[in-house]
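Each position in the sequence shown, counted from 1, maps to that position plus 34 in this note's numbering.
Okay, structure first, notes after.
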Amino acid sequence: MDKQELLKKFGKNVKIERIKKDLTQEQLSAILDVNQNYIACIECGRQNMSLGKILELANALNVDIEELLKFKN
Numbered sequence: 035m036d037k038q039e040l041l042k043k044f045g046k047n048v049k050i051e052r053i054k055k056d057l058t059q060e061q062l063s064a065i066l067d068v069n070q071n072y073i074a075c076i077e078c079g080r081q082n083m084s085l086g087k088i089l090e091l092a093n094a095l096n097v098d099i100e101e102l103l104k105f106k107n
């Protein structure tokens, strides 16, 4: 798995969890105090996140961080 594939799989996980929580990108961005475009770029696999931000994201979505970091082939 290369970096681009990893980012895309992570972004897909984020989108799935966001939709499960019935949140829009705008609502999630407000919770995290980031720009909505940042969330869109994460979900599309164009933006990398620090581990600290991933932890904040997991907490905002009320999921274990492991759920966001599961990558099935």
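The C-beta atom is built at its ideal place from N, Cα and C for all residues, glycine as well.
None of these values were measured; they are calculated from a predicted model.
What residue does the alpha helix (DSSP H) around phenylalanine 105 start on, and which one ends it?
Here residue 105 corresponds to residue number 71 of the sequence shown, with the count starting at 1. Looking at the DSSP string, phenylalanine 105 is not in any alpha helix (DSSP H), and its letter there is neither H nor E.
Counting Cβ pairs, one atom from each stretch, are 3 or more of them under 8 Å apart for the stretch 54-66 and the stretch 93-104?
Contact between the stretch 54-66 and the stretch 93-104 is present, with at least three C-beta pairs closer than 8 Å.
Output the distance between the C-alpha atoms of cysteine 75 and glycine 45, rounded to the nearest integer angstrom.
Stepping through the sequence shown from its first residue, residue 75 is reached at position 41. Stepping through the sequence shown from its first residue, residue 45 is reached at position 11. Distance between the alpha carbons of cysteine 75 and glycine 45: 8 Å.
Since glutamate 101 and glutamate 51 should fall inside the 8 Å C-beta cutoff, what is the C-beta to C-beta distance between them, to a whole number of angstroms?
By one-based count along the sequence shown, residue 101 stands at place 67. By one-based count along the sequence shown, residue 51 stands at place 17. That pair is a contact at about 6 Å.
May I ask which residues mark the beginning and end of the alpha helix (DSSP H) holding arginine 52?
Against the sequence shown, residue 52 aligns to sequence position 18. Secondary structure note for arginine 52: its alpha helix (DSSP H) is the uninterrupted segment 37-54.
Glycine 79 in three-state terms, based on DSSP
For the purposes of this step, residue 79 is taken as residue 45 along the sequence shown, with counting starting at 1. Three-state result, glycine 79: coil.
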